[in-house]
Amino acid sequence: MSEERKQDHIELTFKSQTAESQNYGLVYEPMLSPLDADPDISFDIVGKKLKAPIWVSSMTGGTAKAKSINKHLAGAAGKAAIGMGLGSCRSLLDSNDRLEDFSVREQIGDGVLFANLGIAQVEQCILDTQVYKIEEMLKKVQADGLIVHVNPLQEYMQPEGDRYKQSPITTIKRLIDELKAPIIVKEVGQGIGPESLLELCRLPLEAIEFAAFGGTNFTKLEQARHDAFKSGKKGELLDFATIGHTAAEMVEWVNRILKKDKVLCDKFIISGGIKSIVHGYSLREKINAPAAIGMASAYLEKALVSQGAVEDLISEQIEALKLATLFLKRSSFEND
Ligand SMILES: Cc1cc2nc3c(=O)[nH]c(=O)nc-3n(C[C@H](O)[C@H](O)[C@H](O)COP(=O)(O)O)c2cc1C
Numbered sequence: 297m298s299e300e301r302k303q304d305h306i307e308l309t310f311k312s313q314t315a316e317s318q319n320y321g322l323v324y325e326p327m328l329s330p331l332d333a334d335p336d337i338s339f340d341i342v343g344k345k346l347k348a349p350i351w352v353s354s355m356t357g358g359t360a361k362a363k364s365i366n367k368h369l370a371g372a373a374g375k376a377a378i379g380m381g382l383g384s385c386r387s388l389l390d391s392n393d394r395l396e397d398f399s400v401r402e403q404i405g406d407g408v409l410f411a412n413l414g415i416a417q418v419e420q421c422i423l424d425t426q427v428y429k430i431e432e433m434l435k436k437v438q439a440d441g442l443i444v445h446v447n448p449l450q451e452y453m454q455p456e457g458d459r460y461k462q463s464p465i466t467t468i469k470r471l472i473d474e475l476k477a478p479i480i481v482k483e484v485g486q487g488i489g490p491e492s493l494l495e496l497c498r499l500p501l502e503a504i505e506f507a508a509f510g511g512t513n514f515t516k517l518e519q520a521r522h523d524a525f526k527s528g529k530k531g532e533l534l535d536f537a538t539i540g541h542t543a544a545e546m547v548e549w550v551n552r553i554l555k556k557d558k559v560l561c562d563k564f565i566i567s568g569g570i571k572s573i574v575h576g577y578s579l580r581e582k583i584n585a586p587a588a589i590g591m592a593s594a595y596l597e598k599a600l601v602s603q604g605a606v607e608d609l610i611s612e613q614i615e616a617l618k619l620a621t622l623f624l625k626r627s628s629f630e631n632d
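In the numbering used here, the protein residues as written are 297 to 632.
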């Protein structure tokens, strides 16, 4: 066996040359940790403990396929004790027809599960004095809280898209006053600029999810869906698909906000365009606040195959996260 290994080393040496390192802005510290350690990477949110700081970002619901996707995601999230957001639960506000698509409490066990609504539906419920409908919806899916997604550019690109009359921050403040449940606010893949982030950090939210630019882009997706764009009529709106902020930019703004301002929310889900768990880990190392790493499309790809495929991805991610925790650090020489 040892002889075979030595022979492999000789043969594979020339195929194993590296060019530039990809440290994601961190430093590699090989001298400081044992190799057989099992670092604690647990993460607290909504009074519960995730075994790893990993979040399955909100995706789907409301179609037949969504049911199996959600069950696969929740089953795998439950086994690994990581958190999960459901896709928009709008259809459950007025009907139970699609409740089965979202009923994954059994799969996720007592893990962290958040329901999801768009800002337009939240505004409508508030204007109609029907916030109780949101509370009922949370009970139906046995969620630990509500994620509100704010996606003006995506909505604008859809002819049937929702419009809202008030600024999202006004609506979110009213929701906090009226809803007795933890709230997370997110974008859907274009990130959040610094003033908006600051306003959110000043509110008593459970967390802010970045949903940053660089991965799935719904403005682009909606432009691809609609005839007006396809026939070239709305060419001047195409630029909006490239508007947004990456998670790296947002980490810097959060750090600046935390340094200068008094905040009520200092917990984050770093998501949107996270290319690998080590990429996510690097951003988590750089943010000066508790943070989990979220991904959507990477899990969707596996959930379309099977629950086992999602489980395999998550366990690889946990393995990589633990290894990164031992050997990849933020440089203490940074500010010299
Ligand atoms: C198929 C699909 C459906 C989505 N639906 C929702 C949704 O209902 N609500 C929401 O807040 N975000 C939704 N998102 C956005 C994701 O939560 C996430 O913010 C975005 O995809 C960026 O993450 P990614 O680059 O890892 O895919 C959806 C994403 C995908 C891929």
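We put the beta carbon where it would ideally sit given N, CA and C, even for glycine.
Since we're looking at a predicted model, the values are computed, not measured.
- The region 334–349 and the region 581–598 touch, with three or more beta-carbon pairs separated by less than 8 Å.
- Comparing alpha carbon positions, the residue from L389, A376, R626, G457 closest to I610 is A376.
- Beta-bridge analysis with DSSP links S567 to G590.
- Residues S338 of the same chain have their beta carbon placed closer than 6 Å to that of K345, with the five preceding and five following residues left out of the count.
- Leaving aside the five residues that flank H368 on each side, the residues in its chain whose CB is nearer than 6 Å to its CB run, in chain order, A599, Q603, V606.
- With a contact defined as Cβ atoms closer than 8 Å, A524 and D458 miss out at about 18 Å.
- Runs of the beta strand (DSSP E) spanning 3 or more residues and lying entirely within the region 538–568 occur at 564–567, in chain order.
- Relative to the non-hydrogen atoms of ligand 1, the Cβ of H575 never comes closer than 6 Å to any of them.
- With a cut-off of 6 Å, the C-beta of T356 is classified as near ligand 1, since at least one heavy atom of the ligand falls inside that distance.
- DSSP, reduced to helix, strand and coil, places A503 within a strand of the structure shown.
- DSSP places M327 outside both helix and strand once states are collapsed to three, so it counts as coil.
- Here the distance from the Cβ of G487 to the nearest heavy atom of ligand 1 is not below 6 Å.
- Nearest in C-alpha terms to L560, of all of I480, K625, R498, S572, is R498.
- Ranked by Cα distance from A620, the first of F629, E581, D608 is E581.
- Comparing alpha-carbon positions, the option among A477, A333, K311 lying closest to L617 turns out to be A333.
- Close CB contacts of E325 within its chain, under the 8 Å cut and outside five residues either way in sequence, are with F623, L624, K625 (chain order).
- In the structure shown, K482 falls within a strand segment according to DSSP collapsed to helix, strand and coil.
- Looking at the backbone, the Cα of T309 and that of G414 are separated by about 53 Å.
- Taking all protein chains in view, the Cβ of K482 is crowded by 16 or more other Cβ atoms within 10 Å, so the residue is classified as buried.
- Contact between I341 and A503 is confirmed by a C-beta separation of about 6 Å, below the 8 Å threshold.
- In the structure shown, G531 falls within a helical segment according to DSSP collapsed to helix, strand and coil.
- In this structure, DSSP gives D608 a helical state, which the three-state scheme calls helix.
- Annotation: the continuous beta strand (DSSP E) that includes K345 extends over 344–346.
- Under the Cβ criterion (8 Å, minimum of three pairs), the region 503–520 counts as touching the region 532–543.
- Per DSSP, the continuous alpha helix (DSSP H) segment holding G576 begins and ends at 573–582.
- Secondary structure note for G371: its alpha helix (DSSP H) is the uninterrupted segment 360–376.
- Per DSSP, reduced to three states, the secondary structure at V418 is helical.
- In the three-state DSSP reduction, K516 falls in the helix class (H, G or I).
- A distance below 7 Å between beta-carbons, with the five flanking residues on each side excluded, links V323 to the following residues of its chain, in chain order: K625, S627.
- For L442, the enclosing beta strand (DSSP E) covers residues 441–445.
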